[in-house]
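These notes concern the structure reproduced below.
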Amino acid sequence: MCWARSENKRPCLEFSQLNILHSIKDLFSPQMDIVLMMYTRNNPSCAEPLFEQNNSLNVNFNTSKKTVWIIHGYRPMGSTPKWLQNFLKVLLNHEDLNVIVVDWNRGATTFIYNRAVKNIRKVAATLGTYVQILLNHGATLDNFHFIGMSLGAHVSGFVGKIFQGQLGRITGLDPAGPKFSGQPCDLRLDYTDAKFVDVIHSDINGVAFIKCSHQRAVYLFMASLETTCNFISFPCPSHKDFHAGSCVDCDNFKEKSCPRLGYQAELWKDVLKERKEKRFLRTTVFLDTTATKPFCSYYFVLSITVLDNNMKNGYITFKLLNQLGMVEEPRVYEKNRSFYQLQEVKILAQFSNDVVNISGIGLGYFQSSNWQCFQYNYNIHRVMVQSLTYPERPPLCIYNFVLKGNEELFLNPSTCTS
344 MCWARSENKR PCLEFSQLNI LHSIKDLFSP QMDIVLMMYT RNNPSCAEPL
394 FEQNNSLNVN FNTSKKTVWI IHGYRPMGST PKWLQNFLKV LLNHEDLNVI
444 VVDWNRGATT FIYNRAVKNI RKVAATLGTY VQILLNHGAT LDNFHFIGMS
494 LGAHVSGFVG KIFQGQLGRI TGLDPAGPKF SGQPCDLRLD YTDAKFVDVI
544 HSDINGVAFI KCSHQRAVYL FMASLETTCN FISFPCPSHK DFHAGSCVDC
594 DNFKEKSCPR LGYQAELWKD VLKERKEKRF LRTTVFLDTT ATKPFCSYYF
644 VLSITVLDNN MKNGYITFKL LNQLGMVEEP RVYEKNRSFY QLQEVKILAQ
694 FSNDVVNISG IGLGYFQSSN WQCFQYNYNI HRVMVQSLTY PERPPLCIYN
744 FVLKGNEELF LNPSTCTS
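Residue numbers for the sequence shown, in the numbering used here: 344 to 761.
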């Protein structure tokens, strides 16, 4: 723990400034220290102790507001997490709440990973004591949201176990796998550790509730607060099924549509609780992100209903024209499709840019090489395009037209009539 001078002359707490030398020292003389750094909108850039020297509660802590606990993970180099200050900023900009940063850097800064793993039990026990003190001051478990990174995710889980799963929410961001994967639920973060548990795991080979394509779970969570783009995710049995385009429907989530990644995931708490009661113990959802900030993709679903059975052995091409007439070409999940009479087929498409005002829809059906010498005309009953990222937008349709095989056709859509 360090101190810095603030504008109001009260010292500011600073995250423990450690380095590789402390990891070397830990080999011979292990250390453990836990400091709670409190931020609110009254002190957004100057951390204050949660409790005063006389053990009274800091006057800036409001027991009636939500409290977010941020818990870092294993830090062998001892440095301050690069994401920490921005995380505090986006949280406090988004909502008026209490934020407690749990600095257990003296305990996480070690070359011996197993030592850090053992230390998280001590951290959880200490936090359990502090939580109980806050409860005695009038705070409620339902207002506590623990956000843990790496080993911090499991710290959160162990705190949740102390309170029999009655914490309001736990978010695990890339929970540590070594020493935890495959372990019983009482030895790791589990979905029973809070009333609502959501996990973003960026390793698609790991065990997770939400998976994405980049090693940046913390930054994805922050991006969900910084951008107006909705991080739509898709319930699916496996990553393979998701990329095969087999998981497009979010009808089971009623009017809320597909669940969202990040801070907004809590909006699906009630729907997910219903699924849990129906023996869906946890819901696994998937999404793909872009390579750069803000990482959000724009998902559309293309629904096609044909009038005959000859639209087989080929693949779909799909494009959108924006209001300027510029073509936006998506990544289409599982382009190779066969269509059957009056059976609606839904195809998922991922766009890098949002297309707000759609002026045209480009559609083509191309036969495989063995069939290109035949010219087919396909009778299309209806094509419908719907934004899944912004489900409140009305869908657009094109009715009753002929699509020539191996040619791309652009048509102007209109608001669907049914």
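Don't be surprised by glycine CBs; every beta carbon is placed ideally from N, CA and C.
Within the continuous alpha helix (DSSP H) that includes residue i, where are the two ends?
i, result
"Gly500", "494 to 505"
"Ile455", "Segment: none, Ile455 is in no alpha helix (DSSP H) and carries neither H nor E."
"Asn448", "448 to 451"
"Leu532", "Premise fails: Leu532 is in no alpha helix (DSSP H) and is neither H nor E."
"Val698", "Per DSSP, Val698 belongs to no alpha helix (DSSP H) and is neither H nor E."
"Glu569", "560 to 569"
"Leu427", "427 to 437"
Can you list, in chain order, the residues of its chain whose CB lies under 8 Å from that of residue i, leaving out five sequence neighbours each side?
i, result
"Gln684", "Val649, Leu650, Asp651, Asn652"
"His724", "Thr648, Val649, Leu650, Leu685, Tyr742, Asn743"
"Cys692", "The identity of residue 692 in the sequence shown is Ala, whereas the question assumes Cys. Tyr642, Phe643, Val644, Leu645, Phe661, Pro673, Arg674, Val675, Tyr676, listed in sequence order."
"Asn720", "Val745, Leu746, Lys747, Gly748"
"Glu350", "Low confidence applies here, because Glu350 scores a pLDDT of 49, under 50, leaving its location unreliable; read the following figure in that light. Answer for Glu350: Cys389, listed in chain order."
"Leu530", "Phe523"
"Leu484", "Val474, Leu478, Phe506, Gln509, Leu510, Gly511"
"Glu750", "Gly707"
"Asn762", "The chain is shown from 344 up to 761; residue 762 falls before or after that span and cannot be answered."
"Val670", "Lys662, Leu663, Leu664, Gly705"
"Gln718", "Lys747, Gly748, Asn749"
On the DSSP bridge list, what partners appear for residue i?
i, result
"Leu361", "Paired residue(s): none; Leu361 is not in a bridge."
"His488", "Val411, Arg512"
"Tyr742", "Arg725"
"Ser757", "Cys740"
"Lys747", "Asn720"
"Ile476", "DSSP lists no partner for Ile476."
"Ala537", "Leu510"
"Ile690", "Leu645"
"Val442", "Tyr382, Val411"
"Ile575", "Arg603"
Quick one: residues in its chain with C-beta nearer than 7 Å to the C-beta of residue i, no 5 flanking neighbours on either side, listed in chain order?
i, result
"Leu400", "Phe394, His480"
"Phe629", "Lys554, Ser576, Phe577, Cys579, His582, Phe585"
"Arg464", "Phe501"
"Gly668", "Ser702"
Would you mind giving the Cβ-Cβ distance between residue i and residue j, rounded to the nearest angstrom? I have them listed as a contact below 8 Å.
i, j, result
"Pro419", "Thr472", "That pair is no contact at about 27 Å."
"Ile443", "Met380", "7 Å"
"Leu494", "Gly416", "4 Å"
"Phe682", "Val688", "6 Å"
"Asn700", "Gln666", "4 Å"
"Val502", "Ala467", "5 Å"
"Arg625", "Tyr534", "5 Å"
"Arg680", "Ile659", "6 Å"
"Thr627", "Leu563", "Not a contact, Cβ separation roughly 16 Å."
"Trp762", "Ile490", "What is shown of the chain runs 344 to 761, which leaves residue 762 out entirely."
"Cys528", "Cys572", "With a Cβ gap of about 34 Å, Cys528 and Cys572 do not count as contacting."
"Gln710", "Asn656", "6 Å"
"Asn486", "Lys408", "7 Å"
"Met770", "Asn429", "Coverage of the chain is limited to positions 344 through 761, which leaves residue 770 absent and any answer about it impossible."
Along the chain, where does the beta strand (DSSP E) that runs through residue i open and close?
i, result
"Ser730", "720 to 730"
"Asp541", "540 to 544"
"Glu751", "751 to 754"
"Phe709", "703 to 710"
If you drop the 5 nearest sequence neighbours on each side, which residues of the same chain put their C-beta closer than 6 Å to that of residue i?
i, result
"His437", "Leu568"
"Asn362", "Gly421"
"Asp697", "Tyr641"
"Leu470", "Val502"
"Ala482", "Thr406"
"Phe753", "Gly703, Gly705"
Whole beta strand (DSSP E) elements within the stretch 370 to 412, 3-residue minimum:
The qualifying runs are 378 to 382.
In the stretch 578 to 646, which residue ranges form an unbroken alpha helix (DSSP H) of at least 4 residues, counting only runs that do not cross its ends?
Within the stretch 578 to 646, the runs of alpha helix (DSSP H) that reach at least 4 residues and sit entirely inside it are, in chain order, 582 to 586, 612 to 620.
Whole runs of the beta strand (DSSP E) within the stretch 646 to 688, excluding any shorter than 3 residues:
Contiguous beta strand (DSSP E) elements confined to the stretch 646 to 688 occur at 657 to 664, taking only those with 3 or more residues.
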